[in-house]
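First the structure, in the form of structure tokens, and then the observations on it.
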Amino acid sequence: MFARRFKCEVLENRKLTPTVFALRFKTRKKIRFRAGQFISVFVPQEGKRKPARRCYSFASGPEEKDYLLCVKYVPGGKGSEYLGSLKPGDTFEATAPYGHFELRDPVPGKGLLFIATGTGIAPILSMIKSIKAKGAFRGPCVVIFGAKNEQEILFERELRALGVQSLFALSSASASWKGFHGRVTTLLRSLPPNFDWQQWDYYVCGSGEMISEVGAMLQSLCPKTTIHSEAFSSATKRGPEAPATTTSPLLRQSDGCA
11 MFARRFKCEV LENRKLTPTV FALRFKTRKK IRFRAGQFIS VFVPQEGKRK PARRCYSFAS
71 GPEEKDYLLC VKYVPGGKGS EYLGSLKPGD TFEATAPYGH FELRDPVPGK GLLFIATGTG
131 IAPILSMIKS IKAKGAFRGP CVVIFGAKNE QEILFERELR ALGVQSLFAL SSASASWKGF
191 HGRVTTLLRS LPPNFDWQQW DYYVCGSGEM ISEVGAMLQS LCPKTTIHSE AFSSATKRGP
251 EAPATTTSPL LRQSDGCA
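Below, the structure written as structure tokens:
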């Protein structure tokens, strides 16, 4: 697929957590993308003719009519401040699709294990929506999502509606939290001894630190060819024009953006 330029009209700008918002939009011409890919948004810069560009993974499935982005608000971040200011009816321009963090054809007899932290859940949600829309995959589908606390859990209701088994690992949960206390890697290590690591394909998306830790663990337990990953970070860490992405040598990385 070749990237094309689109004029996007905002339909909804909704706060999901204290630090993350969802931006739903439509376009006149359909954006043809594969689950897991991302869009590059043109961000106006005061006093400059050339806009900055910021990249965000689709949280919507390719089969949906409208499009959904999941954006982490970064103080001083051009992209998140710009998109966060948009209201229904406002427009912005973008090009799409990009990225190689895509859902591969499921292998018969194997399950799909999705591991995410933060807005890394966006491309994974896109993949799961696409799987459910096609209806061809009958194997187990599990999501492990890591966050700081209960307020930072993303798309819990949507995952439940999709019928996906979801496990949440919270590193700083309140005492009343009845789920898992700890990080994603700790949850993975707590899986039963008879868990067959060879019988799953893994899709991992989130912070570079999590990618590295999970990657090191998975590579000791299963073939590299079953591991697919994309690491996210804030563009402000790498300069105003840099895509919001990081890389890790441990896993196959895509060129995606947060």
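If you read the sequence shown in our numbering, its first letter stands for residue 11, the second for the next number, and so on. We put the beta carbon where it would ideally sit given N, CA and C, even for glycine.
Taken through DSSP and simplified to helix, strand or coil, Thr235 comes out as helix. Inside the region 34-102, DSSP marks whole alpha helix (DSSP H) runs of 4 or more residues at positions 88-94, from first to last along the chain. A contact is defined here as three or more CB-CB pairs under 8 Å, and the region 82-96 fails this definition with respect to the region 211-225.
A contact between stretches requires three or more CB pairs, one per stretch, nearer than 8 Å, and the region 71-79 meets this requirement with the region 134-149. Between Ile237 and Gly218, the C-beta spacing is not below 9 Å. Between Gly121 and Pro150, the gap from beta carbon to beta carbon is short of 9 Å. Taking a 10 Å sphere around the C-beta of Trp210, we find 16 or more other C-beta atoms and assign the residue as buried. Closest in alpha carbon position to Ser181, among Gln161, Arg167 and Phe165, is Gln161.
The C-beta of Val153 has 16 or more other C-beta atoms within 10 Å across all chains shown, which makes the residue buried.
Taken atom to atom, the span from the alpha-carbon of Thr27 to that of Val20 is near 19 Å. In this structure, Phe31 is the residue among Gly57, Pro61, Lys158 and Phe31 with its C-alpha nearest to the C-alpha of Lys97.
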